[in-house]
Amino acid sequence: MLKKGYESWLRAYGSISWDDYLRNLLELEGLVGEFIKEIVEYEFYFK
Amino acid sequence: MSSIETPYILGIAEKPQAARRLAYALDAKNKPSVKKIKNISVFVCNRDNKKIVIAPAVGHLFTLSPIGKTWNYPVLDYEWVPSYTVNKNARTKNFTDVFKSLAKGAKDVIIMTDFDREGEVIGYLILKYLIGRTDAERMKFSTLTVRDITQAYDQRDKSLDLGYLNSGLIRHYVDWLYGINYSRALSLALKKVSGHFKTISIGRVQGPTLNSVVDLENKIKMFLPIPFWTIESEAILDGKKYKAFYEKPKIEQQKEAIKIINDCSGLLGKITNISDETSYQYPFPPFDLGSLQREAYRYFKFSPSKTLQFAENLYLKALISYPRTDSQKLPMTLGHKTILSKLSAQNDYTTFANEILANKKFKPREGKRTDAAHPAIHPTGNIPDNTLSASERKIYDLIVKRYLSVFGKRAEILKGTIDIQVNSHKFEVRGSKIIDEGWIRYYKPYFSLSEQILPNVQLNSDVKFSYIDSKENFTSPPKRFNESSLLKRMETEKIGTKATRAGIIKTLFDRGYIAGKEITPTPLGESVVDVLQNQYPILVKSEMTRNLEEIMDDVENKKKTLDKTVFDIKSELKDLLILFHEKEEEIGRSLSTNLRLSQKSELVVLGKCQKCKKGELRIIKSRKTGKRFISCSAYFDKEVKCTATYPIPNTGTIKPTGKVCEHDGLPIIEWKKGKRVYKMCISPTCPSKKEGD
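Line by line, the protein sequences are chains P and B. Counting from 1, position 39 in the first sequence corresponds to residue 67 in my numbering; the numbering is continuous, with no gaps. Counting from 1, position 58 in the second sequence corresponds to residue 314 in my numbering; the numbering is continuous, with no gaps.
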């Protein structure tokens, strides 16, 4: 799901790095679903 | 026990307040005598040289009970028993005894309960089990006004409508059969595996309703926002600033948004079109129960069950018509001229009621939905006394104003647009002017229109913009249900009835399956649905209960007989329960695991409270908001009532560390989010946090 989201963000911005995508998702308070946020945190901090 | 001279006609009323109103209306002098039997007021009236004794029930006096004492399933045999024999809290014994004592002297019986399925069942069971008869005359009324009651008496049916009665009975049988069997099945499945007993109750309507809440919560948890852009702009017309709308409401690519802004960089446009159009806003249809509940939630934030309770009180005070209706119709036979004349005597409504009366147009605007038993909810015109609570007054005012508004003329609004071209891009400035408020005047403050008057401008003239900018937005997760929207969802899914939906939602709250004004499932609710979705989905899908509703409608329409239908339903249920039994261990294991996990997050003790020195600090979850926080156990101690509370994150898991903070002596907790672990003092103002610890 995260990858599919990244494709949508790429289409929207034209170009965005994977890291920036994750960082932006972490900063979006109240919009990102709990399960997605946990996966993003794991991807961002630990991978 | 009864000292009333026989013979008499016995009237069965649904509630004490209704009995009083019926008696006062039916007595020729409007002065019935009141006798006390077992401390219950029974009314004796005289009408047309006949004595009518009206005794009240207090809702249902009977309940279904299984035959046989073993606590197992399937349970397919049942009987009607007096409520007080099963439920010690049911204060129905005296009411039951009153009817028993009056039975002997009753020459004839008239059922005077509310005219709906439940009223029919209430009256019939009293008739059958306390009076020893199977048929009676039936009064049908939609309000408790003198006019309606006397009319209902004069036009009473000579016997009960079996189709209507049977549709009420079958609903009880089906709800009871499914409720008791599946609650036992789930509870026993859990006990078999875990050795512990816990009542897991679920009903045929509760299951799909809870499932809707859980499904939505899962969608919210899995939501990933996607960016998009909007063009924000302000045009200057005649020296004033007006919001202008870009031709495309949503831009999906940033480069396109940038291009638009660059193209419009000169901030100068030209007016290419000016148009006006008259549009009309027609009155909303009269209230049925669902729309009343939604409107009361929207404006007053009253829950659907509270709104129903207030409306029922207003009905019992003969101020409004019967509220449990699906109808949006107000037939002319209701006598609108009379109702409006009566309303004109009430200060709050004098002006508008007189206006409508002066227009002499008494045909109300109606909606499409009908209900065979009752019209749409409307006021009776009777003047409220000062026994109304503040909340009842609010609902009363809402109903009266809605009623007045359906006689009002359509509102007329002039909608204007000014099109502005900037290079190849089109912007629109929108305005509106109220020409005639029409019905809206009668319905304020519950609805209003705003105006934006556009200036006079010339075609082809130049327009400057104060700004044209692009704004980044993100798609939002779906909104959680509130009680009103969950009710609407049940209506759309066609599960439950107008009378039962609010009660089902309340039951889900009471059983701890859902919480909060923005409704979220609790860990218990999520556990139960998770297990059922995977192992036994029929209990959480709407199809089964929808099919049952259709079968029950067939019984009402006499397309199917009661006995055959009950037999078929029992057979189908038996097969479903056999299927359940085959998977009992698997279901039990899943339930046990899920419940253990959900209970773990519900009560965690962290340490001693430093404020009162008596209680323990624990993590608890608010039943109202669904959010977790730390509070002191001594809050519930009447002598101490410690109010120490501390906020905590609502995601991740929290464990005590057994250590205390060196700054303030409060417990240090461990907060785990994914693979990250943080240790921190529970106090948000602890100095350790400022130090970056």
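Using N, Cα and C, we set each Cβ at its ideal position, and we do this for glycine too.
Give me the Cα-Cα distance between B:K897 and B:Q584, rounded to the nearest whole angstrom.
Those two C-alpha atoms are separated by around 51 Å.
With 16 other CB atoms within 10 Å as the buried threshold, where does B:T399 fall?
B:T399 should be labelled buried.
Report yes if the CB atom of B:A758 is closer than 8 Å to the CB atom of B:L564, and no otherwise.
A contact, by the Cβ cut-off of 8 Å.
Are the CB atoms of B:V469 and B:L425 nearer to each other than 8 Å?
Cβ atoms of B:V469 and B:L425: not closer than 8 Å.
Quick one: which chain P residues come within Cβ less than 8 Å of B:F484?
Residues of chain P passing the Cβ test: A40.
What first and last residue would you give for the beta strand (DSSP E) that runs through B:Q957?
Only positions 257 to 949 of chain B appear in this structure, which leaves residue 957 of chain B out of reach.
Which residues does DSSP list as the beta-bridge partners of B:T909?
Bridge partners of B:T909: B:K928.
Tell me which same chain residues have a C-beta within less than 8 Å of the C-beta of B:T486, skipping the five on either side of it?
Cβ within range, chain order: Y502, P505, K506, I507, S726, K727 and N729.
Within 10 angstroms of its Cβ, does B:V342 collect 16 or more other Cβ (buried), or is it exposed?
Answer is exposed; the Cβ neighbour count stays below 16.
Please check if any C-beta of chain P sits within less than 8 Å of the C-beta of B:K619.
No, no contact with chain P.
Can you confirm whether the region 349 to 364 of chain B touches the region 290 to 305 of chain B when touching is taken to mean that 3 or more C-beta pairs between the two stretches lie within less than 8 Å?
Counting Cβ pairs under 8 Å, three or more are found: they touch.
Kindly indicate which residue of B:G525, B:R460 and B:L764 has the alpha-carbon position closest to the one of B:S722.
Out of B:G525, B:R460 and B:L764, B:G525 has the C-alpha closest to the C-alpha of B:S722.
In chain order, what residues of the region 653 to 665 of chain B put their CB closer than 7 Å to some CB of chain P?
From the region 653 to 665 of chain B, no residue has a Cβ closer than 7 Å to chain P.
Taking DSSP's pairing of strands, which residues face B:A771 in a bridge?
Looking at the DSSP assignment, B:A771 forms a beta bridge with B:T776.
What did DSSP end up calling B:K291 once you bin it into helix, strand or coil?
Looking at B:K291 - three-state DSSP - the assignment turns out to be strand.
Among B:G379, B:M936 and B:F556, which one has its Cα closest to the Cα of B:H919?
Closest by alpha carbon: B:M936.
Secondary structure at B:L873, three-state DSSP: helix, strand or coil?
In the structure shown, B:L873 sits in a strand (DSSP, three-state: E or B).
Please classify B:W336: does DSSP put it in a helix, a strand, or coil?
Looking at B:W336 - three-state DSSP - the assignment turns out to be strand.
Checking 8 Å against the spacing of the C-beta atoms, do B:L586 and B:V662 come in under that value?
Yes, these two residues count as a Cβ contact at 8 Å.
What residues from chain P crowd round B:F730, counting only those whose CB sits closer than 7 Å?
L56 and L59, listed in chain order.
For B:P330 and B:K830, I'd like the C-alpha separation in whole angstroms.
When rounded, the distance between both Cα atoms is 7 Å.
Under the three-state reduction of DSSP, which class applies to B:V785: helix, strand or coil?
Reduced to three states, the DSSP call for B:V785 is helix.
Are the C-beta of P:Y49 and some C-beta of chain B separated by less than 8 Å?
No - not a single Cβ of chain B is within 8 Å of the one on P:Y49.
If you reduce the DSSP assignment to three classes, tell me which class B:A900 lands in.
It is coil, neither helix nor strand.
Return the chain-ordered list of same chain residues with a C-beta closer than 8 Å to the C-beta of B:S415, the five sequence neighbours on each side being excluded.
So the list reads D391, A392, E393 and R394, once near-sequence residues are dropped.
Under a Cβ-count criterion, where at least 16 other Cβ atoms within 10 Å of its own Cβ denotes burial, should B:P943 be classed as buried or exposed?
Exposed: under 16 other Cβ atoms inside 10 Å.
Starting from the C-beta of B:D949, find all residues in its chain whose C-beta is less than 6 Å away, skip the five residues before and the five after it, and write them out in chain order.
Bear in mind that a pLDDT of 38 at B:D949, under 50, signals an unreliable position, so the number given afterwards is only what the model happens to contain. Around B:D949: no qualifying Cβ.
Just reading off the beta strand (DSSP E) that B:W485 is part of, what are its end residues?
Here the beta strand (DSSP E) through B:W485 covers P483 to L493.
Closer than 7 Å by C-beta to B:L575: which residues in its own chain qualify, once you throw out the five before and the five after it? Chain order, please.
Correct list, in chain order: P635, T636, N638, P640 and Y652.
The beta strand (DSSP E) spanning B:I612 covers which residue range?
Unbroken run through B:I612 is the alpha helix (DSSP H), T606 to N615; no beta strand (DSSP E).
Per DSSP, what kind of secondary structure is B:Y385 in: helix, strand or coil?
Correct three-state label for B:Y385: helix.
For P:E66, return the contacting residues in chain B, with the cut-off set at a CB-CB distance below 9 Å.
Within chain B, the residues near P:E66 are T907, G908, K929 and G930.
Would you call B:S443 buried or exposed, if buried means 16 or more other Cβ atoms sit within 10 Å of its Cβ?
Label assigned to B:S443: buried.
Does the region 895 to 911 of chain B come close enough to the region 843 to 851 of chain B that 3 or more CB-CB pairs lie under 8 Å?
The region 843 to 851 of chain B vs the region 895 to 911 of chain B: no contact.
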